[in-house]
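Participant: Here you go, one structure.
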Amino acid sequence: MKVMITLIKRNLKLFFKDKTVVMFSLLSTLIVLGLYIIFLGRLTFNELADYPGVDLLTGAWVMSGILAIVPVNSSLGALSAMLVDKEKGTYEDLIMTPLSRLQIIGGYVFSTFLITLILSVIVLIATEIYLVSLGGSFLSLGTLVDILFKIILNTLIATLILFCISLFFKNLNAYSLFNSILGTLIGFLAGILIPIGELSSAFQTVVKVFPFSHSASMFRKILMGEPIKIVFECAEPNTIQNFRQTMGIDLMFNSNPITDSASILYLLILGAVGLVISLVRLKQKS
Numbered sequence: 001m002k003v004m005i006t007l008i009k010r011n012l013k014l015f016f017k018d019k020t021v022v023m024f025s026l027l028s029t030l031i032v033l034g035l036y037i038i039f040l041g042r043l044t045f046n047e048l049a050d051y052p053g054v055d056l057l058t059g060a061w062v063m064s065g066i067l068a069i070v071p072v073n074s075s076l077g078a079l080s081a082m083l084v085d086k087e088k089g090t091y092e093d094l095i096m097t098p099l100s101r102l103q104i105i106g107g108y109v110f111s112t113f114l115i116t117l118i119l120s121v122i123v124l125i126a127t128e129i130y131l132v133s134l135g136g137s138f139l140s141l142g143t144l145v146d147i148l149f150k151i152i153l154n155t156l157i158a159t160l161i162l163f164c165i166s167l168f169f170k171n172l173n174a175y176s177l178f179n180s181i182l183g184t185l186i187g188f189l190a191g192i193l194i195p196i197g198e199l200s201s202a203f204q205t206v207v208k209v210f211p212f213s214h215s216a217s218m219f220r221k222i223l224m225g226e227p228i229k230i231v232f233e234c235a236e237p238n239t240i241q242n243f244r245q246t247m248g249i250d251l252m253f254n255s256n257p258i259t260d261s262a263s264i265l266y267l268l269i270l271g272a273v274g275l276v277i278s279l280v281r282l283k284q285k286s
């Protein structure tokens, strides 16, 4: 255990010491935030521009999406350390030590989880400060516990899925290309850059299959509850329902909203699949 902790500390130091890696891990997130502040936010919520609380509504929607994708980008950046070590020969040096392969791999996985969790909590703090500055209320203790649980879950699933994917890359260049492609597409795949209700039915299906759109949906239900009550104070229930479906607050399956329990189960299944594939892949390599 002490050896694994040492490896985890080593990977944490390497990640946070390299400001370029940290910046690229957050690059997609910053791009999404920038696009919304400058351009997309006004277009998406243009019809509600004159309603009180619309800035809070917009901010909550954007930050919910960012909370969902931060673990993906962070995990991608953190896991690059494993491929860097393989290219430099550090990984082979570790294999030659008394350390077991499981301890070495565990060091990479747990450090990735911790890095991702740290960055996600930082984003949550920034989200709270930002939404309060727009007129929102501080999160209650119960709500804070709920959102932290979902952040930990989202972080765990992102780590397991992306670790599994990283095992299929033999060099850092190919992995970096994948990182760039996923970082570019994730805003669309998670239903963040364009609301799911404005997409074609085929692409809506793609978004619903993508695991982190479910994370975004769960975060929206938490953070957008208050602003929806303010903006739609006098609206008909049907209007509110249509808005929730269009903006991806409620993901639909067979004309029924997908519950948080169903989304959590879906994420856990995908995480378990990623873990099993990883173990099989590692066994093949040993």
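In terms of the working numbering, the sequence shown has 44 at position 44, counting the first letter as 1, and numbering is strictly consecutive.
Note that beta-carbon positions come from the ideal geometry of N, C-alpha and C, so glycine has one too.
1. Going along the chain, which unbroken runs of the alpha helix (DSSP H) with 4 or more residues stay wholly within the stretch 126-209?
2. Could you give the C-beta distance for Ala60 and Leu223, rounded to a whole number, given that I count them as a contact under 8 Å?
3. Using 10 angstroms around the beta-carbon of Arg101, count the other beta-carbons present and answer buried if the total reaches 16, otherwise exposed.
4. Alpha carbon to alpha carbon, how far is Pro227 from Glu236? Give it in angstroms, no decimals.
5. If you reduce the DSSP assignment to three classes, tell me which class Met252 lands in.
6. Between Ile240 and Phe253, which are expected to be in contact by the criterion C-beta below 8 Å, what is the C-beta distance as a whole number of angstroms?
7. If you follow the alpha helix (DSSP H) that Ile69 is in, where does it begin and where does it stop?
8. Would the stretch 91-109 count as touching the stretch 2-10 if we require 3 or more Cβ pairs under 8 Å?
9. In terms of residue numbering, what span does the alpha helix (DSSP H) encompassing Thr246 cover?
10. Is it buried or exposed, Asp55, if we count other Cβ atoms within 10 angstroms and call 16 or more buried?
11. Among Leu124, Ala158, Leu57, whose alpha-carbon lies nearest the alpha-carbon of Ala272?
12. Suppose contacts are defined by Cβ-Cβ distances below 8 Å. Is Ala68 in contact with Asn179 by that definition?
13. DSSP three-state label for Pro98, please.
14. Would you report the Cα separation of Phe16 and Val22, rounded to the nearest angstrom?
15. Under 6 Å Cβ to Cβ from Leu160, same chain only, skipping five residues before and after it: list those, please.
16. What first and last residue would you give for the alpha helix (DSSP H) that runs through Tyr266?
17. Cα separation between Leu76 and Ile186?
18. What is the residue span of the alpha helix (DSSP H) that Met4 lies within?
19. When we look at the beta-carbon of Ile269 and count the other beta-carbons within 10 Å, is it buried (16 or more) or exposed?
20. Contact check, Val62 vs Leu33 under 8 Å by CB: the rounded distance?
21. Would you call Asp85 buried or exposed, if buried means 16 or more other Cβ atoms sit within 10 Å of its Cβ?
22. For Ile192 and Thr127, what's the separation of their Cα atoms in angstroms?
23. Could you work out which residue in Leu114, Val72, Ile230 is closest to Gly53 when comparing CA atoms only?
24. With a threshold of 8 Å on Cβ separation, who are the neighbours of Cys234 within its own chain once the five nearest residues in sequence on each side are excluded?
25. Measure from the alpha carbon of Gly263 to the alpha carbon of each residue in Ser64, Leu162, Ser213, Asn171, then state which is nearest.
26. Considering only their Cβ atoms, is the gap separating Phe210 from Leu182 smaller than 8 Å?
27. If we ignore side chains and look at the alpha-carbon of each, how far apart do Ile249 and Lys221 end up?
Facilitator: According to the data block:
1. DSSP runs (the alpha helix (DSSP H)) wholly in the stretch 126-209: 141-166, 172-189, 201-209.
2. That belief holds up - the Cβ atoms of Ala60 and Leu223 are roughly 4 Å apart, short of 8 Å.
3. The residue in question, Arg101, is exposed, as its Cβ has fewer than 16 Cβ neighbours within 10 Å.
4. Take the alpha-carbon of Glu236 and the one of Pro227: they are about 16 Å apart.
5. Looking at Met252 - three-state DSSP - the assignment turns out to be strand.
6. With a beta-carbon spacing of about 20 Å, Ile240 and Phe253 fall beyond the 8 Å limit used to define contacts.
7. Element bounds for Ile69: 54-88.
8. By the Cβ test, the stretch 91-109 is in contact with the stretch 2-10, since at least three Cβ pairs between them sit closer than 8 Å.
9. If you look at Thr246, you'll find it in the alpha helix (DSSP H) that goes 237-246.
10. The residue is buried, with at least 16 neighbouring Cβ atoms inside 10 Å.
11. Cα-wise, what sits closest to Ala272 is Ala158.
12. No. Outside cutoff.
13. In the displayed model, Pro98 falls within coil according to three-state DSSP, outside both helix and strand.
14. Taking the straight line joining both Cα atoms gives about 6 Å.
15. Annotation for Leu160: Gly271, Gly274, Leu275 place their beta carbon closer than 6 Å to its own, counting only its chain and skipping 5 residues before and after.
16. For Tyr266, the uninterrupted alpha helix (DSSP H) segment begins and ends at 260-285.
17. Spanning the two alpha carbons is a distance of roughly 12 Å.
18. Met4 -> alpha helix (DSSP H) spans 2-17.
19. Its Cβ having fewer than 16 others within 10 Å, Ile269 is exposed.
20. The C-beta distance from Val62 to Leu33 rounds to 7 Å, short enough to fall under 8 Å.
21. With 16 or more other Cβ atoms from the protein chains shown falling within 10 Å of its own Cβ, Asp85 counts as buried.
22. One C-alpha to the other measures close to 16 Å.
23. Selected option, being the one with the closest Cα: Ile230.
24. Once the five neighbours on either side are set aside, Cys234 has no close Cβ partner at all.
25. Here residue 263 turns out to be Ser, not Gly, going by the sequence shown. Checking every option, the nearest Cα to that of Ser263 belongs to Ser213.
26. Their beta carbons are not under 8 Å apart, which means Leu182 does not touch Phe210 by this criterion.
27. When the Cα atoms are used, Ile249 and Lys221 turn out to be separated by approximately 6 Å.
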